[in-house]
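Residue numbers (the working numbering), protein chains in the order written: chain A, 1 to 174; chain B, 175 to 348; chain C, 349 to 522; chain D, 523 to 696.
Where is the CB? At the ideal position from N, CA and C, for every residue including glycine.
Protein chains: 4
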Amino acid sequence: MASDDITPWLPPEDLDRVRRQVPMLYVDIVPVRVDAQGQVQQVGLLLRVTGDKLTRALVSGRVLYHETLRQALTRHLEKDLGALCLPRIPLSPQPFTVGEYFPTPGAGFHDPRQHAVSLAYVIPVDGDCQPQQDTLEVGWFTPNEALLPEVQAELVDGHGTLLRQALGHVGRLQ
Amino acid sequence: MASDDITPWLPPEDLDRVRRQVPMLYVDIVPVRVDAQGQVQQVGLLLRVTGDKLTRALVSGRVLYHETLRQALTRHLEKDLGALCLPRIPLSPQPFTVGEYFPTPGAGFHDPRQHAVSLAYVIPVDGDCQPQQDTLEVGWFTPNEALLPEVQAELVDGHGTLLRQALGHVGRLQ
Amino acid sequence: MASDDITPWLPPEDLDRVRRQVPMLYVDIVPVRVDAQGQVQQVGLLLRVTGDKLTRALVSGRVLYHETLRQALTRHLEKDLGALCLPRIPLSPQPFTVGEYFPTPGAGFHDPRQHAVSLAYVIPVDGDCQPQQDTLEVGWFTPNEALLPEVQAELVDGHGTLLRQALGHVGRLQ
Amino acid sequence: MASDDITPWLPPEDLDRVRRQVPMLYVDIVPVRVDAQGQVQQVGLLLRVTGDKLTRALVSGRVLYHETLRQALTRHLEKDLGALCLPRIPLSPQPFTVGEYFPTPGAGFHDPRQHAVSLAYVIPVDGDCQPQQDTLEVGWFTPNEALLPEVQAELVDGHGTLLRQALGHVGRLQ
Chain A
1 MASDDITPWL PPEDLDRVRR QVPMLYVDIV PVRVDAQGQV QQVGLLLRVT GDKLTRALVS
61 GRVLYHETLR QALTRHLEKD LGALCLPRIP LSPQPFTVGE YFPTPGAGFH DPRQHAVSLA
121 YVIPVDGDCQ PQQDTLEVGW FTPNEALLPE VQAELVDGHG TLLRQALGHV GRLQ
Chain B
175 MASDDITPWL PPEDLDRVRR QVPMLYVDIV PVRVDAQGQV QQVGLLLRVT GDKLTRALVS
235 GRVLYHETLR QALTRHLEKD LGALCLPRIP LSPQPFTVGE YFPTPGAGFH DPRQHAVSLA
295 YVIPVDGDCQ PQQDTLEVGW FTPNEALLPE VQAELVDGHG TLLRQALGHV GRLQ
Chain C
349 MASDDITPWL PPEDLDRVRR QVPMLYVDIV PVRVDAQGQV QQVGLLLRVT GDKLTRALVS
409 GRVLYHETLR QALTRHLEKD LGALCLPRIP LSPQPFTVGE YFPTPGAGFH DPRQHAVSLA
469 YVIPVDGDCQ PQQDTLEVGW FTPNEALLPE VQAELVDGHG TLLRQALGHV GRLQ
Chain D
523 MASDDITPWL PPEDLDRVRR QVPMLYVDIV PVRVDAQGQV QQVGLLLRVT GDKLTRALVS
583 GRVLYHETLR QALTRHLEKD LGALCLPRIP LSPQPFTVGE YFPTPGAGFH DPRQHAVSLA
643 YVIPVDGDCQ PQQDTLEVGW FTPNEALLPE VQAELVDGHG TLLRQALGHV GRLQ
């Protein structure tokens, strides 16, 4: 990915400053299980403790300096679902939508840390998915279950909308 | 697919008449080999004898009465590449483009038999591909090889353009 | 559109027979009003009497023999919204989704008359829209209003889902 | 766009540093003239002097901190084509492709200044387009003219490929 003199990781104080200077590029991923005809059967949501409450989230993360989008997609899927998740990275770089997160509430989604722009993809995982790091559980939901108000209410800002856009895109929004 | 009283196949004389009455719905498929990061490495083209010359074509065929698009994609891939080709049918029904073929030359592509409208998809095949029926060979070409004038010249009407649109869509058009 | 010897219109008995022989190609259109930045402000729905109840529908109709998709989109918008609706026909033939309607309930949407496959587009109209023929009213709804259960309940089969997919595609699904 | 305490513009030394720390978010725009049926008739290319030679380029520029994508699209079109160019900003934030530019040659396109990721859109302009600042001319080319080797050879890195992807997307790649 990067040659020796390129350091994609930033010290926290540099990252804090950059986050107030330019939009940060992210990828948002809806991990799915599909049947043999490509029909989405389940979506995967990460269960975490945020503050004192349970939240659910899609796979999401920053694109690093000198990292390709395909590398970023693979890295974040393996970071959150484990090295054996076996993702099928999309053939086309075209996202199904683009999410915009702003530090001040109003237009778009809200992220108090930064202005982030996120390219969103639906990605099938064929392998074994295990919660990593601070994730309590990788939960699998049918499209109908994922649309239940109680599930939607647990999703972090923006991810409920992205999930419904993703289900619309794959023809599973009832 | 169809219940007992539904006959998706039409006698030739009925099909001939229908072809002059309504647009016929087709799927056009660019079969590809991809690497672990989803990057297209090769495209598959069918070599056939048409009249007295060799031609190359994408996988293509009609959607039958009461057949879903996903069933039609699987059926035509297995018909042309064999039952072991193991296609990864797309998650979304959204085609990367729509081709229009008219019986009179002019706008769009030309098909003397009919007015056809074709939904076009790029579909990875992971399995063993063998030529079927009247196909002499399933040839695999890198994107650069597929764009060579001599390969483009052998493609049947419309398929050269569709192939270049497909390579553009997956980010492999140089 | 068609040269003299091509008759795109079919006698009712021919159309009835063809509808049981091959999938019929349709376009489904979500007419919208947009602001100067391309943000969808309102969606247009056609109010009709179907049997003894009020129903709402998107603009929808068949693609005729030898008609281009662009011609079909313009014709159906003018047929349902009037000749002064001033549509901005999309630059790309790529639909945001494809709807599948089957004569027997089950997979996809239901249309007792036929197997139809519909290419769906969101199309801005800048001009004056007036109800035509059997339409009582062209109603304009903000995205939030269009998503209200009472509006969704009035939509004919499939159009509620298509409308939500369209709002997801243009980033207006909350 | 931004509240008083947000400064989207960066001093040159800050921008230089940030460009080596994170991917920079850009928009690439193919300005087009379309006919009443949405068919692309001409594409607009900016003629400039770069070093000692003439180059042609698409409309392109950075997304600023706290700026929406729609604002960035409008700002860059007006910056390069003038305030009277009257763009029709797309309804959907979905780009037709995503370009990746790296400071070291190899994968993707090359930009010695930075790692940039660019969301690409085809945007019709209905108004009067005039060259601005360092642009000598806004040239309009039919799809066939834009594909001529001599025009492609004048395009800056990546823009030739993007232009062909755009023409493929709108169905005008022969």
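(request) State yes or no: is the C-beta of Q213 (chain B) within less than 7 Å of the C-beta of G256 (chain B)? (result) As a first step, residue 213 (chain B) must be located in the second sequence, where it is residue number 39. As a first step, residue 256 (chain B) must be located in the second sequence, where it is residue number 82. No, these two residues do not count as a Cβ contact at 7 Å.
(request) May I ask you to verify whether the region 561–574 of chain D touches the region 665–679 of chain D, counting CB pairs closer than 8 Å and requiring at least 3? (result) yes
(request) Residues of the region 404–426 of chain C with a CB closer than 7 Å to any CB of chain B: list them in chain order, please. (result) V411, Y413, H414, T416 and L417
(request) State whether the region 275–284 of chain B contacts the region 48–55 of chain A, with contact taken as three or more CB pairs (one from each stretch) at a distance under 8 Å. (result) no
(request) Could you name the residues of chain B that V446 (chain C) contacts, counting a contact when the two beta carbons are closer than 8 Å? (result) As a working note, residue 446 (chain C) is residue 98 in the third sequence. Residues of chain B passing the Cβ test: L243, P267, Q268, P269 and L293.
(request) Kindly indicate which three-state DSSP category H110 (chain A) falls into: helix, strand or coil? (result) Position 110 of the first sequence, counted from the first residue, corresponds to residue 110 (chain A). If DSSP states are grouped into helix, strand and coil, H110 (chain A) belongs with the strands.
(message) Tell me the DSSP secondary structure of P615 (chain D) in three-state form.
(response) The sequence position of residue 615 (chain D) within the fourth sequence is 93, counting from 1. Three-state DSSP puts P615 (chain D) in coil, outside helix and strand.
(message) Rounded to whole angstroms, what is the Cα-Cα separation between A464 (chain C) and E319 (chain B)?
(response) Sequence index remark: in the third sequence, residue 464 (chain C) carries index 116 (1-based). Sequence index remark: in the second sequence, residue 319 (chain B) carries index 145 (1-based). The alpha-carbon atoms of A464 (chain C) and E319 (chain B) are separated by roughly 38 Å.
(message) Suppose the cutoff is 6 Å on Cβ atoms and the five residues either side in sequence are ignored; what does the same chain contact list for V540 (chain D) look like?
(response) The sequence position of residue 540 (chain D) within the fourth sequence is 18, counting from 1. If we look at V540 (chain D) and ignore the five residues flanking it on each side, it has no Cβ neighbours.
(request) Using only alpha-carbon positions, find the residue among D:V549, D:E659, D:P553 and D:C607 that is nearest to A594 (chain D). (result) Residue numbering aside, residue 594 (chain D) sits at position 72 when the fourth sequence is read from its first letter. Closest by alpha carbon: D:V549.
(message) Looking at chain C, is there any beta carbon in it that lies within less than 7 Å of the beta carbon of H289 (chain B)?
(response) Stepping through the second sequence from its first residue, residue 289 (chain B) is reached at position 115. With 7 Å as the cut-off, H289 (chain B) counts as an interface residue toward chain C.
(request) Mind listing the chain D neighbours of T335 (chain B)? Cutoff is C-beta to C-beta under 9 Å, in chain order. (result) Along the second sequence, one-based indexing puts residue 335 (chain B) at 161. Those within 9 Å of T335 (chain B) in chain D are G690, G693, L695 and Q696.
(message) Once DSSP output is grouped into helix, strand and coil, what is the label at A257 (chain B)?
(response) Within the second sequence, residue 257 (chain B) is the residue found at index 83, counting from 1. Correct three-state label for A257 (chain B): coil.
(request) Note down, in chain order, every chain B residue with its Cβ under 8 Å from the Cβ of G506 (chain C). (result) Stepping through the third sequence from its first residue, residue 506 (chain C) is reached at position 158. Simply none; closest approach about 13 Å.
(request) Compute the Euclidean distance between the alpha carbons of A384 (chain C) and I551 (chain D), then round it to the nearest angstrom. (result) Here residue 384 (chain C) corresponds to residue number 36 of the third sequence, with the count starting at 1. Here residue 551 (chain D) corresponds to residue number 29 of the fourth sequence, with the count starting at 1. Each residue's Cα considered, the two are about 17 Å apart.
(message) So, with DSSP's three-state summary, where would you put G160 (chain A)?
(response) As a first step, residue 160 (chain A) must be located in the first sequence, where it is residue number 160. G160 (chain A) falls in the helix class under three-state DSSP.
(request) Out of B:K253, B:D302 and B:G273, point me to the one whose CA is closest to G334 (chain B)'s CA. (result) On the second sequence, residue 334 (chain B) is found 160 positions in, with the first residue counted as 1. G334 (chain B) has its Cα closest to that of B:G273, out of B:K253, B:D302 and B:G273.
(message) Is it buried or exposed, Q696 (chain D), if we count other Cβ atoms within 10 angstroms and call 16 or more buried?
(response) Residue mapping note: residue 696 (chain D) aligns to position 174 of the fourth sequence, counting from 1. It counts as exposed.
(request) For P11 (chain A), count neighbouring Cβ atoms within 10 angstroms of its own Cβ and tell me buried if that reaches 16, exposed if not. (result) In the first sequence, the residue the question calls residue 11 (chain A) occupies position 11. Classification for P11 (chain A): exposed.
(message) Measuring straight from C-alpha to C-alpha, what distance separates R172 (chain A) and E311 (chain B)?
(response) The sequence position of residue 172 (chain A) within the first sequence is 172, counting from 1. The sequence position of residue 311 (chain B) within the second sequence is 137, counting from 1. Those two C-alpha atoms are separated by around 38 Å.
(request) Figure out for me which residue from A:V32, A:M24, A:V63 and A:T68 has the closest Cα to the Cα of P143 (chain A). (result) Within the first sequence, residue 143 (chain A) is the residue found at index 143, counting from 1. The residue with the shortest Cα to Cα distance from P143 (chain A) is A:V32.
(request) Measure the C-alpha to C-alpha separation of A514 (chain C) and R164 (chain A) and round it to an integer number of angstroms. (result) In the third sequence, the residue the question calls residue 514 (chain C) occupies position 166. In the first sequence, the residue the question calls residue 164 (chain A) occupies position 164. Their backbone Cα atoms lie some 12 Å apart in a straight line.
(request) Run down chain C in chain order and give the residues with a C-beta less than 8 Å from the C-beta of R164 (chain A). (result) Position 164 of the first sequence, counting from 1, holds the residue named residue 164 (chain A). The answer, in chain order, is R512, G516 and L521.
(message) Can you tell me where the beta strand (DSSP E) holding P472 (chain C) begins and where it ends?
(response) Along the third sequence, one-based indexing puts residue 472 (chain C) at 124. P472 (chain C) -> beta strand (DSSP E) spans A464 to P472.
(request) Have a look at L84 (chain A) and D482 (chain C) and give me their C-alpha separation to the nearest angstrom. (result) Here residue 84 (chain A) is taken as the residue at index 84 of the first sequence, counted from 1. Here residue 482 (chain C) is taken as the residue at index 134 of the third sequence, counted from 1. Using only the alpha carbons, I get a separation of about 58 Å.
(message) Spatial neighbours of P356 (chain C) within its chain, please: C-beta separation below 7 Å, excluding the five flanking residues on both sides.
(response) Start at 1 with the first residue of the third sequence, and residue 356 (chain C) comes out as number 8. So the list reads A350, L412, Y413, H414 and E415, once near-sequence residues are dropped.
(message) For T224 (chain B) and L439 (chain C), I'd like the C-alpha separation in whole angstroms.
(response) Here residue 224 (chain B) is taken as the residue at index 50 of the second sequence, counted from 1. Here residue 439 (chain C) is taken as the residue at index 91 of the third sequence, counted from 1. Their backbone Cα atoms lie some 35 Å apart in a straight line.
(message) Strictly under 7 Å for the Cβ-Cβ distance: is V201 (chain B) near chain C by that measure?
(response) Looking up residue 201 (chain B) in the second sequence gives position 27. No - not a single Cβ of chain C is within 7 Å of the one on V201 (chain B).
(request) For the alpha helix (DSSP H) holding V673 (chain D), just list the boundary residues, first then last. (result) Taking the fourth sequence and counting its residues from 1, the one referred to as residue 673 (chain D) is at position 151. That run of the alpha helix (DSSP H) goes P671 to E676.
(message) Just to confirm before moving on: does the CB-CB distance between L373 (chain C) and L199 (chain B) stay below 7 Å?
(response) Your numbering for residue 373 (chain C) matches position 25 in the third sequence. Your numbering for residue 199 (chain B) matches position 25 in the second sequence. The answer is yes: Cβ separation under 7 Å.
(message) Can you find the residues in the same chain that come closer than 8 Å, C-beta to C-beta, to Q442 (chain C), ignoring five residues on each side of it along the sequence?
(response) Indexing the third sequence from 1 puts residue 442 (chain C) at position 94. There are no such residues.
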